[in-house]
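What follows is a set of notes on a single structure, which appears directly below.
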Amino acid sequence: MEYTDVVMENFTCPKHVGEIEDANGVGQVGSPACGDIMKIFLKINDNGIIENASFKTFGCGAAVASSSMATDMIIGKSIEEAGKLKNSDVVDALGGLPDVKIHCSVLAAEAIQAAIQDYKNKKA
Amino acid sequence: MEYTDVVMENFTCPKHVGEIEDANGVGQVGSPACGDIMKIFLKINDNGIIENASFKTFGCGAAVASSSMATDMIIGKSIEEAGKLKNSDVVDALGGLPDVKIHCSVLAAEAIQAAIQDYKNKKA
Amino acid sequence: MKRIYLDHAATTPVDPEVVEVMIPYLTETFGNPSSIYAEGRAAKKSIEKARQQIATAINADSREIYFTASGSEADNWAIKGIAMKNKAKGKHIITSQIEHHAVLHSCEYLEKQGFEVTYLPVDEVGLISLEDLKNAIRDDTILVSIMFANNEIGTIEPIKEIGKIVKEKGIVFHTDAVQALGNIPVDVKDLNVDLLSLSAHKIYGPKGIGVLYIKKGLPIDNLIHGGAQERKKRAGTENTAEIMAFGKAAEIASEHLEENMTHMKTLRDQLIEGVLGKIPLARLNGHPEKRLPGNANFCFAYIEGESILLSLDVIGIAGSSGSACTSGSLDPSHVLLAIGLPAGVAHGSLRLTIGKSTTPEDIDYVVNNLVEIIQRLRDMSPIDAD
Amino acid sequence: MKRIYLDHAATTPVDPEVVEVMIPYLTETFGNPSSIYAEGRAAKKSIEKARQQIATAINADSREIYFTASGSEADNWAIKGIAMKNKAKGKHIITSQIEHHAVLHSCEYLEKQGFEVTYLPVDEVGLISLEDLKNAIRDDTILVSIMFANNEIGTIEPIKEIGKIVKEKGIVFHTDAVQALGNIPVDVKDLNVDLLSLSAHKIYGPKGIGVLYIKKGLPIDNLIHGGAQERKKRAGTENTAEIMAFGKAAEIASEHLEENMTHMKTLRDQLIEGVLGKIPLARLNGHPEKRLPGNANFCFAYIEGESILLSLDVIGIAGSSGSACTSGSLDPSHVLLAIGLPAGVAHGSLRLTIGKSTTPEDIDYVVNNLVEIIQRLRDMSPIDAD
Ligand SMILES: Cc1ncc(COP(=O)(O)O)c(C=O)c1O
Ligand SMILES: Cc1ncc(COP(=O)(O)O)c(C=O)c1O
Ligand code: FES
Ligand code: FES
């Protein structure tokens with residue numbers, strides 16, 4: 069198991085940690101593989117653009133780094149675009165992840181989808 | 069497998085190698101364990117004293133050293149005494165032999181007995 | 012950046028004295044110990060000296076010492092060798108739930124081959140119960156394998172008492188003493204063991220060399236067949252350099268056992284007191300007293316182990332979340348589950364193991380930084396600590 | 012006294028460049044490759060480099076290279092691992108009568124466990140017959156194991172052709188290439204092999220480190236169970252120092268293969284011509300051309316092998332009477348018996364194997380002295396040479 073420098077950077081100095089007080093989309097998922105938990109907070113404006121995103125994660129280094137990277141990637145994007153974010157996009161942006169840690173990036177993609185769904189549910 | 073210095077000495081510069089032209093007791097034995105062969109020549113005088121002894125051996129280092137040591141040990145002895153020479157006496161005189169090489173000393177003791185028997189048979 | 016290495020249970024740096032002993036066997040004395048010429052005889056003589064050093068360290072006869080390539084190989088050999096040798100007598104094996112994977116996975120493999128294995132549970136501090144053991148023994152039990160000291164939580168099992176029970180029943184008894192050697196006294200005669208596994212790299216020797224002690228006369232199948240090395244019991248050209256290294260390392264370990272134990276215990280207690288005193292919701296895993304002098308194992312609620320390790324690594328501290336050889340696996344430690352921790356908690360474990368070169372300042376540095384790291388990770392966690 | 016070492020098939024001195032590569036892994040870079048902190052990652056990265064060096068040397072993918080503790084372990088693993096994995100499919104194995112004991116004794120052990128083994132004969136120069144092989148293959152044949160080059164008589168088997176036959180039948184094919192690496196080209200793709208054993212100490216690396224090449228995707232049981240090392244296929248903390256050494260040794264061996272082969276062949280032919288030309292009743296064992304470039308194996312009628320060896324040793328020459336690992340046994344070589352020599356003649360064999368540092372002067376010295384030694388021993392023999 070060997071993390072890239074990008075992973076380590078995003079782990080040691082993660083971006084967007086914490087809760088967004090006025091989040092209007094919140095998603096939490098857990099990994100069946102390891103029991104870890106990731107929670108994503110989104111602040112989406114009326115045009116469907118993600119103005120801000122943050123996370124809280126109980127998990128491994130890859131989970132923290134994926135959370136950091138994924139939230140960073142979707143800020144400024146529309147929820148349609150953000151909803152299409154694939155875990156492989158996160159992995160690529162991190163410069164790769166060890167095989168056994170791919171599922172941690174899946175967690176990030178799923179948490180974002182869950183948060184968008186939460187926003188949609190609330191709006192509906 | 070580690071040979072003592074005495075074994076190596078008796079192997080590299082064996083005493084009493086060769087045939088005795090006028091031998092009156094000759095014994096040859098083979099080792100069932102390894103297929104090697106030892107031949108002992110004795111010159112026994114009328115008082116039953118071994119005046120000279122020699123050997124020819126097709127065998128390992130321990131066999132050559134045992135032949136050398138054993139012939140050296142019996143020269144000057146009576147055939148009664150020589151007949152009692154045990155392989156363990158040879159082993160002791162050699163300062164020991166590796167376990168798998170004990171049978172080579174047995175060969176020497178048996179060859180001497182065979183040579184004495186040959187002498188007795190001829191006399192009888 | 013200065014590194015503080017606190018993972019001596021995973022492996023140790025090789026003692027410079029030990030390195031020195033090895034070098035000639037890579038250069039001049041390169042002969043094959045099985046060869047009869049001078050180069051071979053010199054190599055042979057040397058490894059017999061090393062064998063004697065190991066024998067002395069565990070109060071055995073040198074003819075009872077068989078070199079292997081690792082503690083894992085020694086464990087595999089002991090378990091499979093006894094099982095295969097005695098399968099006509101019986102097919103039942105007793106071990107514990109907290110064994111090293113070398114023992115556990117060997118047992119699991121044997122289960123696939125038709126053997127039955129009882130995995131004894133342990134209590135909340137990691138001790139097996141002698142009653143459980145007695146109850147588990149059956150007429151067809153051919154082997155009991157219980158580790159001397161656990162590599163994760165450091166708990167020391169009552170091997171001598173176990174040995175007595177097992178011996179009375181005439182069953183073969185193996186103990187994995189890989190973590191014991193150099194840390195606590197190991198005496199095969201006192202312990203009543205038939206087989207005992209050791210590994211050099213845990214006692215400041217090189218990786219890749221182990222020993223299986225086999226009591227004189229004990230019948231056992233070979234694990235590695237071939238040449239006549241190791242009294243025909245374990246084939247393969249002898250790893251002369253590492254054998255010499257193991258001999259020397261064992262000698263040094265026994266000679267300095269008392270002082271090393273005192274040193275490690277003092278620092279371990281400083282570490283445990285510091286962590287439990289300064290970090291909320293921290294717990295010590297394993298037995299409070301019957302534990303390896305260098306071992307401290309903690310759980311921190313609401314955080315995950317790897318995150319702690321990475322955070323420590325970044326500031327120069329090397330620690331582990333359990334056994335090194337299962338990193339890469341996502342499952343929580345089988346040992347922590349066996350002492351009753353829920354999976355979530357077991358995920359947040361940290362093992363710090365002290366060595367000869369550890370200082371009180373190292374411990375202070377670690378404790379202070381750990382306080383901050385745990386706080387930072389908890390702040391990041393979605394699980395509510397209240 | 013200057014020593015002339017002519018037993019490179021038994022073991023080789025470690026190349027100083029290789030020793031240099033090892034040392035850091037005994038000192039600074041002592042981490043456990045399975046650990047996630049810096050020390051562990053550094054070790055892990057290094058052994059992956061060594062794995063790649065070995066892979067390159069035999070034209071494999073680095074993920075097909077599994078480190079073991081010896082050539083013997085690699086052989087044991089290949090044979091037993093395939094047998095155990097496939098025992099439901101069939102229990103028949105084909106090998107040859109001249110394999111290394113690591114293969115033969117593994118097969119014999121499996122016979123005790125209910126497997127059936129066909130030991131193919133060889134002709135008078137040590138070659139197996141492809142016809143024999145084809146005829147021996149049965150519906151329940153699960154494994155064919157034929158060595159690449161024989162360690163005693165140096166004969167090189169037609170591995171590529173064997174591989175083709177075996178592959179067509181969908182049977183697993185293993186070859187013991189311990190004597191081949193560094194002496195002749197070894198290319199797993201060209202050879203059609205599924206498994207291939209290697210050992211470092213035959214190519215100027217240290218003793219105690221081997222490799223089993225396992226073709227990608229080939230199912231095989233573990234021989235040593237435990238931790239997750241070697242992609243979960245071979246447990247035990249990695250022998251980092253010796254792994255690095257093996258990598259380097261393999262790299263050097265491939266880079267200099269052509270020149271080494273030429274060097275060895277020239278001296279070998281000088282030796283063979285000298286001995287056969289000057290010593291009556293001497294014969295060369297093994298194939299005249301299809302033989303290892305460094306191997307010469309002779310029989311001298313009416314004398315015993317050990318006596319020759321001791322006599323050579325006394326004057327500074329290290330040679331062997333066959334394989335090193337069976338010295339201590341009284342039986343004549345199974346290889347020499349297999350090529351049809353009577354036991355008495357087989358007892359009088361001498362193997363001289365040439366290495367990188369051997370010189371033409373060494374060969375002259377050996378030949379001249381051998382003439383005298385053989386004469387002296389024959390004079391001592393009771394068997395009549397006429
Ligand atoms: C052909 C062959 N196979 C296997 C081996 C065993 O290798 P190792 O000594 O590394 O166990 C050897 C040499 O000893 C050999 O020559
Ligand atoms: C208790 C225990 N047994 C066995 C082993 C295996 O030893 P090795 O790494 O030498 O295979 C270890 C360490 O890895 C251990 O801690
Ligand atoms: S999120 Fe659980 S292992 Fe990465
Ligand atoms: S006499 Fe044959 S081995 Fe010694």
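Protein chains in written order, with the working numbering: chain A, 69 to 192; chain B, 69 to 192; chain C, 12 to 397; chain D, 12 to 397. All C-beta atoms in this analysis are idealised placements derived from N, C-alpha and C, irrespective of residue type, glycine included. The model shown is predicted, which means the values in this text are computed figures rather than measured ones.
Assuming residue i and residue j are in contact, meaning their beta carbons sit under 8 Å apart, how far apart are those beta carbons, in whole angstroms?
| i | j | result |
| --- | --- | --- |
| D/Gly305 | D/Ile365 | 4 Å |
| A/Gly95 | A/Ala176 | Not confirmed; about 10 Å, so no contact. |
| A/Lys190 | A/Asn92 | 7 Å |
| D/Gly137 | D/Asn161 | 6 Å |
| D/Gly219 | C/His112 | Not confirmed; about 22 Å, so no contact. |
Would a check of beta-carbon distances place residue i closer than 7 Å to chain C?
| i | result |
| --- | --- |
| A/Cys81 | no |
| A/Ile117 | no |
| D/Ser117 | yes |
Under 6 Å: does the beta carbon of residue i sit that close to some heavy atom of ligand 4?
| i | result |
| --- | --- |
| B/Ala176 | no |
| B/Asp167 | no |
| D/Cys45 | The residue asked about is misnamed: residue 45 of chain D is Ser in this sequence, not Cys. D/Ser45: no, Cβ never under 6 Å from ligand 4. |
| C/Ser332 | no |
For residue i versus residue j, is the C-beta spacing smaller than 7 Å?
| i | j | result |
| --- | --- | --- |
| D/Leu192 | D/Leu206 | no |
| B/Ala131 | B/Val158 | no |
| C/Val222 | C/Asn70 | no |
| C/Glu127 | C/Lys102 | yes |
| C/Gly417 | C/Gly316 | The question about residue 417 of chain C has no answer here: the residues shown for chain C are numbered 12 through 397. |
| D/Ser344 | C/Ala21 | no |
| C/Leu363 | C/Gly330 | yes |
| C/Ala312 | C/Ile65 | no |
Within the 7 Å Cβ cut-off, does residue i reach chain B?
| i | result |
| --- | --- |
| D/Ser360 | no |
| D/Ser331 | no |
| D/Ala54 | no |
| D/Ile384 | no |
Does residue i get closer than 7 Å to chain A when you measure Cβ to Cβ?
| i | result |
| --- | --- |
| C/Val325 | yes |
| C/Gly247 | no |
| C/Glu315 | yes |
| C/Ile350 | no |
May I ask you to check if the CB of residue i is nearer than 6 Å to at least one heavy atom of ligand 2?
| i | result |
| --- | --- |
| D/Gln240 | no |
| A/Gln181 | no |
| D/His5 | Chain D is shown from 12 up to 397; residue 5 of chain D falls before or after that span and cannot be answered. |
Is the closest heavy atom of ligand 3 to the C-beta of residue i under 6 Å?
| i | result |
| --- | --- |
| A/Gly127 | yes |
| A/Asp104 | yes |
What are the boundary residues of the beta strand (DSSP E) that includes residue i?
| i | result |
| --- | --- |
| B/Val85 | Run containing B/Val85: none; DSSP gives neither H nor E here. |
| C/Gly297 | It is not in any beta strand (DSSP E) - C/Gly297 carries neither H nor E in the DSSP assignment. |
| C/Leu138 | Here C/Leu138 belongs to no beta strand (DSSP E), and DSSP marks it neither H nor E. |
| D/Phe159 | It is not in any beta strand (DSSP E) - D/Phe159 carries neither H nor E in the DSSP assignment. |
| D/Thr186 | 183 to 187 |
| A/Thr72 | Segment: none, A/Thr72 is in no beta strand (DSSP E) and carries neither H nor E. |
| D/Ser107 | 103 to 107 |
Could one say the Cβ of residue i lies closer than 7 Å to chain D's Cβ atoms, at least one of them?
| i | result |
| --- | --- |
| C/Cys336 | Caution is warranted here: a pLDDT of 47 is assigned to C/Cys336, below 50, making its placement in the model unreliable, and the coordinate value is therefore given only provisionally. True, the Cβ-Cβ gap to chain D drops below 7 Å. |
| B/Phe109 | no |
| B/Val75 | no |
| C/Ile235 | yes |
Ligand 1 and residue i: does any heavy atom of the ligand fall closer than 6 Å to the residue's C-beta?
| i | result |
| --- | --- |
| D/Val189 | yes |
| D/Asn250 | no |
| D/Asn162 | yes |
What are the boundary residues of the alpha helix (DSSP H) that residue i is part of?
| i | result |
| --- | --- |
| D/Tyr376 | 371 to 391 |
| A/Asp160 | 155 to 161 |
| C/Arg362 | Looking at the DSSP string, C/Arg362 is not in any alpha helix (DSSP H); the run it does join, the beta strand (DSSP E), is 360 to 364. |
Anything in chain F within Cβ reach of residue i, meaning under 7 Å, just list it in chain order.
| i | result |
| --- | --- |
| C/Ser344 | Within the model displayed, chain F is absent; protein chains A, B, C and D are what it includes. |
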